[in-house]
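Residue numbers (the numbering used here), protein chains in the order written: chain R, 1267 to 1515; chain F, 21 to 488.
Built from N, CA and C at the ideal position, the CB exists for glycine as well.
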Amino acid sequence: MLEAIELTKRYEDGELALDGLTIKVEPGEIFCMFGANGAGKTTTINLFLGFIPPTSGAALVEGVDVGKDPLQAKRHVSFVSENVMLYGNFTAIQNLDYFSKLAGKRGLSKKDYAEVLGRVGLQPEAFDRRIKNFSKGMRQKLGIAIAVVKDAANVLLDEPTSGLDPQSGREFLEILVQMRDKGKSVFMSTHDIFRAKLIADRIGFMRKGRLVMLKTAKELAHEDLTDLYIQYMEQQPGELTVPPTAPAV
Amino acid sequence: MLRDIIKKEILDNITSPKFVFTFLLCTVLILLSVYTGVANYRAEKKEYTAALALNKKNMENQPNYGSLAGIGVKVSKPPQVLGTVVTGIEEAVGRVAPVNIAADPNLIDSKYSSNPVFAVFGALDLMFIVKIVLSLFAILFTYDAIVGEKEKGTLKLALSNEVPRDRLILGKAIGGYISLLLPLLVPLLLSLLFLLIMPDISLSGQDWARLLLIFLMFFLYLSVFFSLGLFVSARTQRSSTSFLVLLFAWVLIVMVIPKAAVVTAGQLRPIPSVHEITAKKDAFLQQIQTEGQKGARDWYTKNQAEAAKDPKAWQDKFKQFLQDYQQELTTKIDENNAALERDYQQKKRAQQDLAINLSRISPASALTFGSMTLARTGVDEFDRFLASVRTYKPIYTKWINSKMGESINFQTGEQNKISLDNMPQHAYEPEWLSRSLVRAIPDFALLIVMIIIFFVGAYVSFLRYDVR
């Protein structure tokens, strides 16, 4: 489970990147966070990963305060970034092997890696190819394979579908759904309204560091997300429509 | 985990085009430099042997001791076998020191004086390759070690795991350093093999120890740039910035600081020019010569009456006078020259020491002076050689003066044929390894301190590095 309690981040230059965010992503839930660039989505992920310390509040991963014990918290988190470049001179399997070992997964065979790569939709002929010529979609699949192998209870995704072709995007979403079905807590920051609507259990809108809307998939079933997005992005900070404690589905 | 990080770092480096490029270039340059060094050493050794034989023959062919005193003895400096890897100042400084009654010995006939074009391009020795080319490679291997991973997103991905940052930087440092050494080790081992099998190259146990210490110094020098690269890479947010900063630092360290140190030392501790010293010596020589002629005339005038009484006794007395007087005047010249030379050398040494110590802020200077000391091709070795020649000069002068006095037959005007059998020989003991090592310790220490400073800087910076 991922939990942010009054999580606030003010950078050294005085910019308030995150302002008292309180959310909880339950096991078996996909939480999609929307917002323009600089809204605070990536800051939230960075705080969950312990890359930056919070100014106040706390980020908890499986109940572990990231600020107090970042290494212990990271044990329970998988991360997929927006632009997974990885090591271009390595093959897909070599990349997977290295990051699996960093995640503490030892004793996995080439067959195990091939099975995971196949599961995320990578073609077998690409397994032993150097990834420097991989397309963005193929690299994203490899990125998600790394998260799959780690098999952590929580998954953080930072705009993972940007730049993916429709086919790759669809395969990507299927993997996320499989993760949810396995009981993982999935937090995804995204601009991709259409794909998010397909899989999200809850959706939050952020603006200037504040959570300005939080709704369940059920509540959004008959709403036009694009209109909502525009409406909330134009809203002034402080005009929170829905309390951030909206229950998980 | 550390092992995995090291393994990945090595694999990532050796599969990159820069490794292949570095390996090929290192192999070509290192082997070429050692081959050139060996060829030069063989030529110099041949030249040295020929110079010794020619000098001896030339001396033996002199009709009498007077003409032998005129040409003097030419003391040649033997070439150093480790000049094959560290040429040092061997080519810039003279290889021969003429010793005669009048002039103070100095080294002449350098390779650069016989062919000035060498001075323009300098020597392509192994130290040059390490100092200039390989230090650039060390930068090439590290400028993006941290910041490059940040740009690729792999740093964030790696640190999203339970990986302590200190272990990651340590693994990257060890793996990166091994990757840098790999393309060096093969050509260096081939070079050692080459030195081992070449017939004219004879390395003593002490030479091998010196060679290994020189190689150790090379590795330490490259480690300085490697740590500096890591440090800058952990302080910047873009690899292009890191590369530019490192390139600037490299130019400053390798090119500017050593030259600036010499200029600064020249300004802070000026010394009289060689021409001024020579002019003073010449003026004194002229004064002594005039004094000598007057002294001989005075003696003759004073003792002229005795010549008629007992010509044989007078002749012996005159011989003895000439011998003693010549020796007295030569001693005066020597003492004056020695005093001038001492003063000049002291000032020069003070300026030189200041220049060397100032330049040691740069690891390139520490490498240059340290490896030259170990290879016995540095300034000190030439000073020692020149000092030995200057010690030899009065011994030779005394011998030639006594021979000249003894050999003149005043009745016939003839002089005896010369014999070099009992001529004193110049003795020169090269510096022992222990002494060289003691003198090279400050350079080793400086390099180690720089490595520690840069690595600790990289380590601390990485612990606080913004991976976002």
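{"Check": "I'd like the list of long-range same chain contacts for Asn357(F), defined as Cβ closer than 6 Å, with 5 residues on each side in sequence excluded.", "Outcome": "Asp124 and Lys301"}
{"Check": "What is the DSSP secondary structure of Glu1485(R), counted as helix, strand or coil?", "Outcome": "helix"}
{"Check": "Taking the beta strand (DSSP E) that Met1472(R) belongs to, which residues open and close that run?", "Outcome": "Arg1468 to Arg1473"}
{"Check": "Mind reading off the beta-carbon distance from Gly1370(R) to Ile1397(R)? Whole number of angstroms is fine, and I expect it under 8 Å.", "Outcome": "That pair is no contact at about 23 Å."}
{"Check": "Under 8 Å, Cβ to Cβ, is there at least one residue of chain F near Arg1473(R)?", "Outcome": "no"}
{"Check": "Which residue from Cys46(F), Phe43(F) and Ala117(F) puts its Cα closest to that of Ala71(F)?", "Outcome": "Ala117(F)"}
{"Check": "Below 8 Å on the Cβ atoms is my guess for Met147(F) versus Thr388(F); work out the distance and round it to an integer in Å.", "Outcome": "7 Å"}
{"Check": "Give, in chain order, every unbroken run of the alpha helix (DSSP H) that is at least 4 residues long and sits entirely within the stretch 1368-1443 of chain R.", "Outcome": "1376-1385 and 1402-1416"}
{"Check": "Would you kindly work out how many angstroms separate the C-alpha atoms of Pro1510(R) and Ala1487(R), rounded to a whole number?", "Outcome": "In this prediction, Pro1510(R) has a pLDDT of 47, which is less than 50 and means its spatial position is unreliable; nothing more can be read from the coordinates."}
{"Check": "Within 10 Å of its beta-carbon, does Ser53(F) have 16 or more other beta-carbons around it, so buried, or fewer, so exposed?", "Outcome": "buried"}
{"Check": "So Glu29(F) is in the alpha helix (DSSP H); what residue range does that whole segment cover?", "Outcome": "Leu22 to Ile34"}
{"Check": "Quick test of your reading: Met1404(R) and Leu1423(R), contact by CB under 8 Å. State the CB separation rounded to the nearest angstrom.", "Outcome": "That pair is no contact at about 17 Å."}
{"Check": "Check distances from the C-beta atoms of the stretch 1332-1355 of chain R to those of chain F and list, in chain order, the residues that come in under 7 Å.", "Outcome": "Leu1337, Lys1340, Arg1341, Val1343, Phe1345, Ser1347, Asn1349, Val1350, Met1351, Leu1352, Tyr1353 and Asn1355"}
{"Check": "Apart from the five residues just before and just after Val101(F), which ones in its own chain have a Cβ nearer than 8 Å to its Cβ?", "Outcome": "Tyr61, Ile221, Ser222, Leu223 and Asp227"}
{"Check": "Please tell me whether Ala229(F) has its Cβ less than 8 Å away from any Cβ of chain R.", "Outcome": "no"}
{"Check": "Less than 7 Å between C-beta atoms, sequence neighbours within five positions excluded: which residues of the same chain meet that for Arg23(F)?", "Outcome": "none"}
{"Check": "Grouping DSSP H, G and I as helix and E and B as strand, with all else coil, what is Asp354(F)?", "Outcome": "helix"}
{"Check": "I'd like to know whether the C-beta atoms of Leu1368(R) and Asn135(F) end up nearer to each other than 8 Å.", "Outcome": "no"}
{"Check": "With DSSP as the reference, label Ser130(F) as helix, strand or coil.", "Outcome": "coil"}
{"Check": "Run down chain R in chain order and give the residues with a C-beta less than 8 Å from the C-beta of Asp32(F).", "Outcome": "Tyr1353, Asn1355 and Phe1356"}
{"Check": "In terms of residues, what are the limits of the alpha helix (DSSP H) holding Ala384(F)?", "Outcome": "Pro383 to Ala395"}
{"Check": "Using three-state DSSP, classify Phe440(F) as helix, strand or coil.", "Outcome": "The sequence given here has Leu at residue 440(F), not Phe. Correct three-state label for Leu440(F): coil."}
{"Check": "Identify the contact partners of Gly494(F) in chain R, using a Cβ-Cβ distance below 7 Å as the criterion.", "Outcome": "The structure shown has nothing for residue 494(F), since chain F only spans 21 to 488."}
{"Check": "Is the CB of Val487(F) under 8 Å away from at least one CB in chain R?", "Outcome": "yes"}
{"Check": "At a Cβ threshold of 8 Å, is Val183(F) touching chain R?", "Outcome": "yes"}
{"Check": "DSSP has Val1343(R) in a bridge; who is on the other side?", "Outcome": "Asn1420(R)"}
{"Check": "State yes or no: is the C-beta of Gly390(F) within less than 8 Å of the C-beta of Phe475(F)?", "Outcome": "no"}
{"Check": "Give every residue of the same chain whose Cβ lies closer than 7 Å to the Cβ of Val183(F), excluding the five residues on either side of it in the sequence, and list them in chain order.", "Outcome": "Met21"}
{"Check": "Would a check of beta-carbon distances place Ile47(F) closer than 8 Å to chain R?", "Outcome": "The sequence shown places Thr at residue 47(F), not Ile. So, not an interface residue."}
{"Check": "Taking Ala1560(R) as the reference, which of Ala1483(R), Tyr1364(R), Met1267(R) and Asn1361(R) has the closest Cα?", "Outcome": "A question about residue 1560(R) goes unanswered here, because the residues of chain R that appear run from 1267 up to 1515."}
{"Check": "Could you check the C-alpha separation between Arg1473(R) and Pro1432(R) for me, to the nearest Å?", "Outcome": "28 Å"}
{"Check": "In three-state DSSP terms, what is Lys97(F)?", "Outcome": "coil"}
{"Check": "Mind checking if Met237(F) is an interface residue toward chain R, Cβ cutoff 8 Å exclusive?", "Outcome": "no"}
{"Check": "Cutting at 6 Å between CB atoms, please list the residues of its own chain near Thr256(F), excluding the five before and the five after it.", "Outcome": "Val167 and Ser262"}
{"Check": "Which residues, in order along the stretch 1274-1298 of chain R, keep a beta-carbon less than 8 Å from a beta-carbon of chain C?", "Outcome": "As a matter of chain content, chain C is missing from the structure shown, whose protein chains are R and F."}
{"Check": "List the residues that DSSP assigns as beta-bridge partners of Asp1331(R).", "Outcome": "Leu1326(R)"}
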